[in-house]
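Undergrad: Next up is a structure, given as structure tokens.
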Amino acid sequence: MNEFQLQKLLRKHAGITETELADLNSEAVKTETSLEQVVLHRGLLKREELYELLARELNIPYVDLNCYLIEPELAAILPGEIARQTQAVPLYRINCTLTVAMANPDDIGALDQLRNILNLDINPVLADPEAVGRAIEQHYPTEKNLAANEAVVEFDADEALQCVESEEDRKTLEQRASEAPVVRFVSTMLEQAAADRASDIHVEPDEDALRVRVRVDGVLKETGRFPVRLHPAVASRIKILAGMDISDKRRPQDGRFDVIVAKRPIDVRVSTFPTVYGENVVLRLLDKTGQGMKLSDLGLAPETETRFQTIFHQPHGIILVTGPTGSGKTTTLYAVLSLLNSEEKNIITLEDPVEYRLPLIRQCQVNVKAGVTFASGLRAILRQDPDIMLVGEIRDGETAEIAFQAALTGHLVLSTLHTNDAASALTRMVDMNVEPFLISSSVIAILAQRLVRRVCDRCQETYQPEPVILDRLGIEPGTSFTHGTGCQTCGGRGLKGRLGIYELMLMSPEIQRMVMERRSSEEIKTLALKQGMITLRDDALAKARAGLTTPEEVLRVTQDQR
Numbered sequence: 001m002n003e004f005q006l007q008k009l010l011r012k013h014a015g016i017t018e019t020e021l022a023d024l025n026s027e028a029v030k031t032e033t034s035l036e037q038v039v040l041h042r043g044l045l046k047r048e049e050l051y052e053l054l055a056r057e058l059n060i061p062y063v064d065l066n067c068y069l070i071e072p073e074l075a076a077i078l079p080g081e082i083a084r085q086t087q088a089v090p091l092y093r094i095n096c097t098l099t100v101a102m103a104n105p106d107d108i109g110a111l112d113q114l115r116n117i118l119n120l121d122i123n124p125v126l127a128d129p130e131a132v133g134r135a136i137e138q139h140y141p142t143e144k145n146l147a148a149n150e151a152v153v154e155f156d157a158d159e160a161l162q163c164v165e166s167e168e169d170r171k172t173l174e175q176r177a178s179e180a181p182v183v184r185f186v187s188t189m190l191e192q193a194a195a196d197r198a199s200d201i202h203v204e205p206d207e208d209a210l211r212v213r214v215r216v217d218g219v220l221k222e223t224g225r226f227p228v229r230l231h232p233a234v235a236s237r238i239k240i241l242a243g244m245d246i247s248d249k250r251r252p253q254d255g256r257f258d259v260i261v262a263k264r265p266i267d268v269r270v271s272t273f274p275t276v277y278g279e280n281v282v283l284r285l286l287d288k289t290g291q292g293m294k295l296s297d298l299g300l301a302p303e304t305e306t307r308f309q310t311i312f313h314q315p316h317g318i319i320l321v322t323g324p325t326g327s328g329k330t331t332t333l334y335a336v337l338s339l340l341n342s343e344e345k346n347i348i349t350l351e352d353p354v355e356y357r358l359p360l361i362r363q364c365q366v367n368v369k370a371g372v373t374f375a376s377g378l379r380a381i382l383r384q385d386p387d388i389m390l391v392g393e394i395r396d397g398e399t400a401e402i403a404f405q406a407a408l409t410g411h412l413v414l415s416t417l418h419t420n421d422a423a424s425a426l427t428r429m430v431d432m433n434v435e436p437f438l439i440s441s442s443v444i445a446i447l448a449q450r451l452v453r454r455v456c457d458r459c460q461e462t463y464q465p466e467p468v469i470l471d472r473l474g475i476e477p478g479t480s481f482t483h484g485t486g487c488q489t490c491g492g493r494g495l496k497g498r499l500g501i502y503e504l505m506l507m508s509p510e511i512q513r514m515v516m517e518r519r520s521s522e523e524i525k526t527l528a529l530k531q532g533m534i535t536l537r538d539d540a541l542a543k544a545r546a547g548l549t550t551p552e553e554v555l556r557v558t559q560d561q562r
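The C-terminal residue of the sequence shown carries number 562 in the numbering used here, and the numbering is unbroken.
Next up, the structure:
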């Protein structure tokens, strides 16, 4: 965007004085950013509002690229290199006129370049530069794989070491893993995963290919297949970054490293696992700039949120949050801690890993090699005069027993457990050899949760699901719901982002008695339902009826719930 035009807009439409404008320009110089970025950062104008004003000033249309699904055939007429140079994306063609969305539609040189290369009349429209950049990355993927292509070209099949039998082999593999093509391959893989909001990267060797998949919104998708001869060097490069032994390929290993991607610090947890075709490598990405959510942002039903708030303000006892890996349990506990946090309370956490930094709260990272396990760390915490303790996960009977003893001695303990629903957490504790009287006298509530994908708010529309889906969910045939048709924002999936579904079980005297009698989880759940508990599936269906998710997504996530 032309700086002069932006300054004119700010004076005319945002009421910015010359003094304020000078201050904005000064901040842009100090932070080495543009005036446009400073304006958006300060919230003087919203992104859409800013570009609509600029389009009006330029007397051209403004388009929201997030509402467009660009056809691959149309994108193919514009070479990726030219799209990047001109920051333009084809939208539609009518006869000999091509309408293109541009970040800078008054760039005469770019317009002339497009006309000469395409031999078409060009009708430019203005779009958000970030949206243009995302569209280019999506529709010209070969540009993203340059590092991979370079690595493929520069690595000969005979040179790739499949095993490490000697110190000489080890040094050779280290050298291969440190060469520029492999370094760029791994860097590009991390950058693209971060741009896609991926939580995990899977580097998987097969018999004839190296497959890379990423997990976005809880679902894996393949992002590329490469010659399998790249695998030893790529896996070794990742292991070197994570401080792991590249010569040991027969045992599972764990490691971690930090990386800066698009100016964002990301904590990468690495796990390797030996398979018949080589080491499977999984990288879990944790954006360290992320902030914990507020309890009100989690998506709890109003009644459930009210009941939950009365529980965690109690002075002592255990509150458990249960669900599978990646279901948002830690996010929920952080939201609780943010409400409980104050200068009057000593709050200490023991986590693996520490995901977000919280002010006033003492946070400790589990370090098995240094002897800091959940059990040993919890014993040490009890000598630190805590009021509230967060134990990242109860993994064994020893940790469970210490946590329950802490709750009985006047501490509020928050922790997580891996079970399918709330009632199963109680029987799981019994299976871990925790005495039933400790469970019934310490646990005050159990919150089970899962994550479902959210309907994209840019392309949502009303539809009727397949009758078989409605039948499996016990819904009347012909009932209408909301789904996404697919657009630029959601990458054509119709779903973007996730929200929680919850099942809160309070420990009533009747449930405490059933625990003491070692009754089954099914019997306990039946009683909890009679006492007003809302199940995971019922909460998910309520969110589907509200247009937040789809029946298909409800069935996918809660198919083990009845």
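Backbone N, C-alpha and C fix where the C-beta goes; we use that ideal spot for every residue, glycine too.
(1) Would you call LEU10 buried or exposed, if buried means 16 or more other Cβ atoms sit within 10 Å of its Cβ?
(2) Is the segment 499 to 511 in contact with the segment 405 to 424, if contact means three or more CB pairs nearer than 8 Å?
(3) Which residues share a DSSP beta bridge with ILE347?
(4) Report, in whole angstroms, the separation of the C-beta atoms of ARG453 and THR558, which I expect to be a contact under 8 Å.
(5) Can you give me the Cβ contacts of GLU393 inside the same chain, cut-off strictly under 6 Å, excluding the 5 residues immediately before and after it?
(6) Please list the terminal residues of the continuous beta strand (DSSP E) segment that includes LYS496.
(7) Output the boundary residues of the beta strand (DSSP E) element that contains GLU279.
(8) Starting from PRO61 and walking both ways along the beta strand (DSSP E), at which residues does that stretch end?
(9) Beta carbon of LEU35, beta carbon of ASN25: below 8 Å?
(10) In terms of residues, what are the limits of the beta strand (DSSP E) holding ASP254?
(11) May I ask you to report which of helix, strand or coil DSSP gives LEU360?
(12) Can you give me the Cβ contacts of VAL354 inside the same chain, cut-off strictly under 6 Å, excluding the 5 residues immediately before and after it?
(13) Near VAL329, what residues of its chain come up, given a Cβ to Cβ distance below 8 Å and the 5 sequence neighbours on each side ignored?
(14) If we call anything under 8 Å between Cβ atoms a contact, is MET102 one with ALA83?
(15) Identify whether ARG115 lies in helix, strand or coil by the three-state DSSP scheme.
(16) By how many angstroms is the C-alpha of HIS411 removed from the C-alpha of ILE319?
(17) Taking the alpha helix (DSSP H) that LYS530 belongs to, which residues open and close that run?
(18) Within its chain, find whatever has a CB closer than 8 Å to the CB of PHE384; leave out the 5 residues flanking it on each side and keep chain order.
(19) Tell me HIS483's beta-bridge partners as DSSP assigns them.
(20) What does the alpha-carbon distance come out to for the pair ILE439 and CYS456?
(21) Hey, THR332 and LEU378 are a contact pair by Cβ (cut 8 Å); roughly how many whole angstroms apart?
(22) With 16 other CB atoms within 10 Å as the buried threshold, where does GLN460 fall?
(23) On the CB-based measure, 16 or more other CB atoms within 10 Å of its CB, does TYR51 come out buried or exposed?
(24) Given that a residue counts as buried once 16 or more other Cβ atoms are within 10 Å of its Cβ, and exposed if not, what is TYR356?
(25) Go ahead and pull the three-state DSSP assignment for THR97.
(26) Looking only at its chain, what residues have a beta carbon closer than 6 Å to the beta carbon of ILE16, apart from the 5 residues adjacent to it on each side?
(27) Could you tell me if GLN162 is buried or exposed, where buried requires 16 or more neighbouring beta carbons within 10 angstroms of its beta carbon?
TA: On the basis of the data shown:
(1) buried
(2) yes
(3) ILE388
(4) With a Cβ gap of about 13 Å, ARG453 and THR558 do not count as contacting.
(5) Taking C-beta separations shorter than 6 Å and ignoring five residues to either side along the sequence, the partners of GLU393 in its chain run THR416, following chain order.
(6) Its beta strand (DSSP E) spans residues 495 to 506.
(7) Note, GLU279: beta strand (DSSP E), 278 to 287.
(8) That residue, PRO61, is in no beta strand (DSSP E); it is neither H nor E in DSSP.
(9) yes
(10) 253 to 261
(11) coil
(12) GLN363 and GLN365
(13) Sequence inspection shows Lys at residue 329; the Val mentioned does not correspond to that position. Cβ within range, chain order: VAL321, THR322, GLY323, THR416 and GLN449.
(14) no
(15) helix
(16) 11 Å
(17) 521 to 530
(18) The amino acid occupying residue 384 in the given sequence is Gln; Phe does not appear at that position. For GLN384, where only same-chain residues beyond five positions count, the Cβ hits under 8 Å are ASN346, ILE348 and ARG362.
(19) GLU461
(20) 42 Å
(21) That pair is no contact at about 20 Å.
(22) buried
(23) buried
(24) buried
(25) strand
(26) LEU10
(27) Low local confidence applies: a pLDDT of 47 at GLN162 is under 50, so the model's placement there is unreliable, and no value is given.
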